[in-house]
Structures are given as C-alpha cells and as structure tokens.
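Okay, structure first, notes after.
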Amino acid sequence: MTTDGDTNDVLNYLWGEVDPLNKGFIYGRDFPEFIRELHRLLPPQHLSTTYDTALIGNFGKEHNTEKIYKVILDDYLEGLIGTSFSEFVKKNQISLPNRKENLPENGSNIPEGAELKPPLLVPEHLGHQKEPEKNSIPQTELYKLKYEQLKSEYEFYKKRTAEDTWKRQGASLNDEYILHEFRKQVNEQSDIILKLKSQLDRREPVKLQDPQESDNRNEPSGERYQRGVQKLRTYIKYIALPLLLWAIIHFAILPSDQDDIDMAPYQLENWWEKIPLLNGLVSYFSDILNDYAEPSVSPSHMSAENIEAYNEIFGIR
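Spelled out as structure tokens, the structure:
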C-alpha cells in the first residue's frame with residue numbers, strides 16, 4: 070500500500086526530472102513531460118489508466134510560459150486529469166523501487182565478496198530531497214500564486230470563447246437593426262392612437278393629416294405659385310373655353326339662321342341677355358362674325374355706277 074511518504078518520494082523524483090535546476094517551479098510547456106514521466110511509473114496492471122492527452126498537450130502549448138509551483142500542482146491536476154497527485158499515486162499504487170531489494174533478508178551483515186548494486190532510478194542529488202512544506206511559503210505568496218493561476222485560467226477561457234462570442238454578436242446585428250426599426254414604427258403608431266383617443270374622449274373632430282397637403286405646405290412659395298398657375302391654365306383649357314365656345318355657337322350663330330324664317334312679331338327675351346357678362350361676350354363675337362360675313366347684294370349698298378353697269382348687263386333701262 071502506498072503511503073504519504075512514498076507519495077512525496079514519487080513527487081520529488083518526478084519533479085527533479087522536469088526541474089533539474091531545482092528552481093522550485095516548472096513552466097506550462099513542461100507539464101506534459103511531467104505527466105509522461107508519471108505514466109512511466111504506472112505498474113503493469115494499471116497501464117490501462119487513461120486521461121485526455123490532447124487536453125494536456127493543448128494546455129502546454131497555450132500556457133507555455135506560465136509558472137507552475139509544486140504547492141499548487143494539485144489544482145492543475147484536478148482540472149486536467151480529474152484528481153490530485155496523491156490520490157492518483159495511491160489509486161494506481163505507484164512507488165519507486167526500494168533500495169533494500171539488493172540487500173540480504175536479515176540486513177544485518179553483508180557477506181564478504183558481496184557486490185552491492187547502485188540504487189536504481191533515484192539519483193543521489195534527489196535521494197535526500199524533501200518537499201518543502203506549504204507552511205514554509207508565506208501565506209501572502211501562496212495567495213499570490215493562487216491569484217496568478219486563476220488569472221491565467223480566466224485569460225485562457227476568455228481567449229477561447231472570444232471568437233464564438235463575436236460570431237454570435239455579428240450574426241445578431243441584423244436582427245437588432247430590424248427590431249430597432251420595428252420598435253420605432255410601433256412607437257409612432259402608438260402616438261397616433263393616443264392622439265386619436267384623446268380627441269375622441271374630448272369629442273373633437275378627428276383631423277387626419279393629408280400627406281400630400283403636408284408636402285405642399287413644406288414646398289417653397291415659388292413652387293406653390295407655379296402649381297396654382299398650372300391648375301388655373303388646366304381649368305381654362307378644359308372647362309372655361311369649351312363653355313364659351315358652346316355659348317357663342319348656340320346664341321350667336323343659331324339665332325342668325327332663324328332670322329330668315331317668318332316668326333311672330335313678338336319674341337321673348339333670351340335668358341342670356343339678362344347676364345351682362347354673357348350678353349357682352351355674345352355681342353362682341355357677333356360683331357366679329359358680321360364683319361367677316363358675305364356682303365349683301367341689296368341696291369342700297371351699291372353705288373350709282375355699279376347700278377348702271379348692272380342695268381346695262383341685264384338690259385334694264
């Protein structure tokens with residue numbers, strides 16, 4: 070059965086393999102080598118013990134310059150292989166070869182000529198090395214190491230999740246813009262509904278603003294003037310002129326054709342003569358038409374010479 074003393078010996082041996090200069094710490098890039106050395110000490114019956122080698126390798130690459138002290142080694146092991154160093158050693162019954170294997174069973178006397186073999190695996194400079202106790206390190210220094218460890222872990226996970234977080238944020242940018250515009254439209258509609266409701270509560274006439282009227286109100290005065298002139302021209306072209314022509318034709322030309330028909334000596338006054346504006350327009354255009362009409366052949370309009378020449382032609386004396 071593996072004891073705590075054996076566990077300390079195994080730790081000292083492994084630590085000496087990865088920290089030959091006895092600095093008191095190893096770098097993160099040396100941690101996978103520490104695990105490999107630990108695996109070499111596994112007994113044959115426990116060689117099937119597995120752990121995530123890829124995770125340990127990634128840790129060594131991403132934390133290659135991080136310092137790992139022996140007093141906080143268990144924190145790293147629990148995060149990477151799920152157990153502490155002492156529990157792993159005891160569970161797998163890991164121990165160093167005993168130096169007394171080459172001695173006689175009684176161990177009292179060494180027979181003459183007996184050839185002693187040098188100790189195996191454990192170098193002399195590590196044979197008496199003892200693990201420094203945790204109490205030998207000041208409490209503030211221990212807290213400082215814990216803080217550096219937590220900080221490094223935080224930076225590791227922050228860097229690992231930064232890209233995923235950015236992708237999620239980038240994918241939701243369009244959704245945020247659409248939601249913003251939707252909220253804006255909803256707020257505008259809510260304001261209109263509140264105004265209508267307040268007017269209905271006060272029983273005021275509801276005045277809905279015409280978009281075209283609002284646009285015309287915002288136009289410059291020059292453009293509004295031109296728009297009004299255009300509308301007036303359209304009115305004159307399609308309404309006033311056809312009505313005026315109809316009045317001229319109906320009241321000036323047609324009555325002239327009826328003058329040749331024998332009618333009663335009395336005649337009612339035309340209705341348009343009661344309207345000064347229409348009466349003036351009819352008189353004006355009647356005069357113009359009479360000026361261009363064919364001159365009459367009545368003798369009263371002929372000179373004496375024309376009458377004499379007419380009589381000579383037709384033999385009238």
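Here the sequence shown is numbered in our numbering, starting from 70 and rising by one per residue. Beta carbons: idealized from backbone N, C-alpha and C, even for Gly. Predicted, not measured: the structure shown is a model, and the values here were computed from it.
Which of helix, strand or coil DSSP assigns to residue i
{"i": "I95", "result": "strand"}
{"i": "K169", "result": "Its pLDDT being 43, under 50, K169 is placed unreliably in this model, and the value from its coordinates should be taken loosely. Three-state result, K169: helix."}
{"i": "I262", "result": "helix"}
{"i": "S155", "result": "helix"}
{"i": "Q162", "result": "coil"}
{"i": "R252", "result": "helix"}
{"i": "I344", "result": "coil"}
{"i": "P89", "result": "coil"}
{"i": "N375", "result": "helix"}
{"i": "L337", "result": "In this prediction, L337 has a pLDDT of 49, which is less than 50 and means its spatial position is unreliable; nothing more can be read from the coordinates."}
{"i": "R271", "result": "coil"}
{"i": "Y82", "result": "helix"}
Residue i - containing beta strand (DSSP E), residue span
{"i": "Y145", "result": "Premise fails: Y145 lies in the alpha helix (DSSP H), L142 to L149, not in any beta strand (DSSP E)."}
{"i": "I137", "result": "K136 to Y138"}
The alpha helix (DSSP H) enclosing residue i, as first and last residue numbers
{"i": "N112", "result": "First, the amino acid is wrong: residue 112 is Pro here, not Asn. Counting along the chain, P112 falls outside any alpha helix (DSSP H), and DSSP gives it neither H nor E."}
{"i": "P311", "result": "L310 to I317"}
{"i": "I305", "result": "Here I305 belongs to no alpha helix (DSSP H), and DSSP marks it neither H nor E."}
{"i": "N133", "result": "Premise fails: N133 is in no alpha helix (DSSP H) and is neither H nor E."}
Closest by C-alpha distance to residue i, when choosing among the options
{"i": "Y353", "options": "D99, S221, I318 and F157", "result": "I318"}
{"i": "L110", "options": "E147, P101 and S164", "result": "S164"}
{"i": "Y145", "options": "Y96, H108 and N161", "result": "Y96"}
{"i": "L347", "options": "A316, G93, S267 and K306", "result": "A316"}
{"i": "K159", "options": "Q218, D78, F100 and S221", "result": "D78"}
{"i": "L124", "options": "Y138, E135, L107 and P101", "result": "P101"}
Kindly confirm or deny that the region 121-130 and the region 210-219 touch, where touching means at least three C-beta pairs closer than 8 Å.
no
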